[in-house]
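Residue numbers (the numbering used here), protein chains in the order written: chain A, 173 to 516; chain B, 173 to 516. Below is one structure, written out as structure tokens; comments come after it.
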């Protein structure tokens, strides 16, 4: 069992820096595209054998130090009563978005062991095959609320912010409902075998520090406090978070995600070294020539030095067009370069 | 002549904080929608009488302290040889995007006094009518290059970064050509009557600090050094710039734009108080109830205090759906609250 990743989450010494990539099970791999040519995204998510298969594809092909269960952050919205569809080329679409107090009140409680049983089934199947730790995950309340309210991706979060500012009590009720569902969902994932949890607050960078403090922080703090009792490390991830990092740490998590807009050592110093960090290569770097990729990997690994508690990752998900050779090269570079630094 | 805005650009004392909004001539005003119902965006830009009319609409309706010439940052790309179209509901589309060295070499030099004469004409018409200062503007080289390369708006800047990383010499040549065109274009705007210049590096927040330093900073420094010789204040604007601000200041500009992701006083302290700042209300705030808007205006005005050199603005352009009452209320609040603080 390769436990570098678990050790790094807990800031324990490792022989080499662990690496995994967000969306590592994805379209950049032909094996994944072959599955998706035959099955919709939702079918893959809801068929434990298929979810298991695609989860394992990058593990079998590359030297990744962690696996993440294949699923989508929007899955828990279905049993809450939302009508979810993935429209080809357009991304997720929610046909009955949440706009009013009535809509929020109508959201159904979720028993994840029942309505999301397929995720737990997939986790069990994957665990039986793995020799690296398995990450379970969920979207964070703000990011999920933004999809529920906007009905899909958004540029300006107009309706989300309208609710936050104009009906803060309705917003808080929605965030509380989401927090309840997510805590139960993640608890079920741990029971099924998830060894680490990651919370994706992917779009949180749309908020001002004041709005984060008022509309998101209390809910994140409550959620992360509850996750803390599950006994597994928790990764708290976001993008565009340069001015939110300290509040994210205060909200909780054993590991804080860093995107490429911050210099890793400066962001870690700001956070304090009593927390681990994950990141922070720009996913677009993987389209550069290998010599250029190497400079950037060098830069991150050098900024970390011998300090324990760094998990190498991209700052956001890997893109579908990414060359396989770049993925392979980065993993090898990180392992070799960090091993050399750590042994020095 | 109301010269609060000019004074604030130069960090001179004012009686009240000047206010203007990016995209203040825009769809949130019925008068603007009426014009656009009859004429395409490009037609309005290219017809000096129409550009003048829409530029003046917000000035005649609201108590703004500055005017900005109505134009689009992509206009200079046309005489460079790009085929530009604004597709309804989809935004700008460039039908012959730049992808190769050959494409960059084929870009034409621009004599703005000829091919962009309509902008200078509009500036002259507007100046004759105004009793507040007039801002001329252009997109920054990175932001324009991203449109030229992607062919439109982008989420990940895949092809832009591919060129930056994979063909840095071609990238530098493109940035140099753009810098030349932009300096000449802005010089012509000043000759026509623009009293302040704003450079929009709207999408610069997509870059890591290291990439900004390597691929953008030298070009911005050259451009801003040249603009500095024109004898008018220059506003250097971007979004998502929390970790780029100090380099932006180093590149140049009398005023640095701040979006809502930073707290104004902290960002200003980071920049140093030897530069003015502009911002930083989230445009989405204008959809909040007036009482909530007031809290946020109070917060910004209080963070500034008596320090000279603040121009109140949104952190990015005003949205088409924005209520007119909010615009009116914010302008009045800023004037009254700041006047009270400054007089105390």
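Using N, Cα and C, we set each Cβ at its ideal position, and we do this for glycine too.
Asked, Found
"Given that residue 337 of chain B touches chain A, what residues does it touch there, using C-beta distances under 8 Å?", "456, 457, 459, 460, 461 and 464"
"For the alpha helix (DSSP H) that contains residue 188 of chain B, what are its first and last residues?", "First-last for residue 188 of chain B: undefined, no H or E at that position."
"Can you look up residue 303 of chain B in the DSSP assignment and give me helix, strand or coil?", "coil"
"Is residue 469 of chain B close to chain A? Criterion is C-beta to C-beta, closer than 8 Å.", "no"
"Hey, does residue 381 of chain B have any beta-carbon neighbour from chain A nearer than 8 Å?", "yes"
"Per DSSP, which residues does residue 453 of chain B bridge with? Please list them.", "B:486"
"I'd like to check one pair, residue 454 of chain A with residue 440 of chain A: are the Cβ atoms closer than 8 Å?", "no"
"Is it the case that the stretch 295 to 312 of chain A contacts the stretch 228 to 248 of chain A, given that we only count it when at least three CB pairs across the two stretches are under 8 Å?", "yes"
"CA-CA distance, residue 480 of chain A and residue 183 of chain A?", "5 Å"
"I need the boundaries of the alpha helix (DSSP H) containing residue 266 of chain B, first residue and last residue.", "Looking at the DSSP string, residue 266 of chain B is not in any alpha helix (DSSP H); the run it does join, the beta strand (DSSP E), is 263 to 266."
"Taking Cβ positions, are residue 416 of chain B and residue 443 of chain B nearer each other than 8 Å?", "no"
"Any idea if residue 496 of chain A is buried or exposed, counting beta-carbon neighbours within 10 angstroms, 16 or more meaning buried?", "exposed"
"Mind checking if residue 315 of chain A is an interface residue toward chain B, Cβ cutoff 8 Å exclusive?", "no"
"Pairs of beta-carbons, one from the stretch 206 to 214 of chain B and one from the stretch 467 to 474 of chain B, closer than 8 Å: are there three or more?", "no"
"Closer than 9 Å, Cβ to any Cβ of chain A: which residues of the stretch 422 to 435 of chain B, in chain order?", "431, 432, 433, 434 and 435"
"Rounding to the nearest angstrom, what Cα-Cα distance links residue 446 of chain A and residue 395 of chain B in this structure?", "43 Å"
"Per DSSP, residue 369 of chain B is paired with what?", "B:308 and B:406"
"According to DSSP, which residues form a beta bridge with residue 239 of chain B?", "B:306"
"When you compare each of A:242, A:299, A:321 and A:309 to residue 254 of chain A by their alpha carbons, which one comes out closest?", "A:321"
"Does DSSP classify residue 291 of chain B as helix, strand or coil?", "helix"
"Throw me the rounded Cβ distance for the residue 193 of chain B and residue 485 of chain B pair, which I believe falls under 8 Å.", "6 Å"
"For a test of the three-state rule: what should DSSP assign to residue 177 of chain A, helix, strand or coil?", "helix"
"If you measure from the beta carbon of residue 140 of chain A to each beta carbon in chain B, is any gap under 8 Å?", "Absent from the structure is residue 140 of chain A, since the part of chain A shown begins at 173 and ends at 516."
"Report yes or no: do the stretch 456 to 463 of chain A and the stretch 399 to 414 of chain B share at least 3 C-beta pairs separated by less than 8 Å?", "no"
"Within its chain, find whatever has a CB closer than 6 Å to the CB of residue 257 of chain A; leave out the 5 residues flanking it on each side and keep chain order.", "265"
"Where does residue 225 of chain B land, buried or exposed, given buried means 16+ other C-beta within 10 angstroms?", "buried"
"Just verifying my parser: in three-state terms, what is the DSSP assignment at residue 138 of chain A?", "The structure shown has nothing for residue 138 of chain A, since chain A only spans 173 to 516."
"Look at the alpha carbon of residue 438 of chain A and the alpha carbon of residue 429 of chain A, and state the distance between them as a whole number of angstroms.", "14 Å"
"Residues of chain B with CB closer than 7 Å to the CB of residue 328 of chain A, please, in chain order.", "456 and 491"
"Shortest alpha-carbon distance to residue 263 of chain B belongs to which of B:251, B:284 and B:213?", "B:213"
"For residue 189 of chain B and residue 174 of chain B, I'd like the C-alpha separation in whole angstroms.", "12 Å"
"Helix, strand or coil for residue 234 of chain B, going by three-state DSSP, please let me know.", "coil"
"Would you tell me roughly how many angstroms separate the C-alpha atoms of residue 276 of chain B and residue 319 of chain B, rounded to the nearest one?", "14 Å"
"So what does residue 322 of chain A bridge to, in DSSP terms?", "For residue 322 of chain A, which the question treats as bridged, DSSP gives no partner whatsoever."
"For residue 487 of chain A, count neighbouring C-beta atoms within 10 Å of its own C-beta (all shown protein chains included) and say buried if the count is 16 or more, exposed if not.", "buried"
"Name, in chain order, the residues that DSSP records as bridge partners for residue 257 of chain A.", "A:265"
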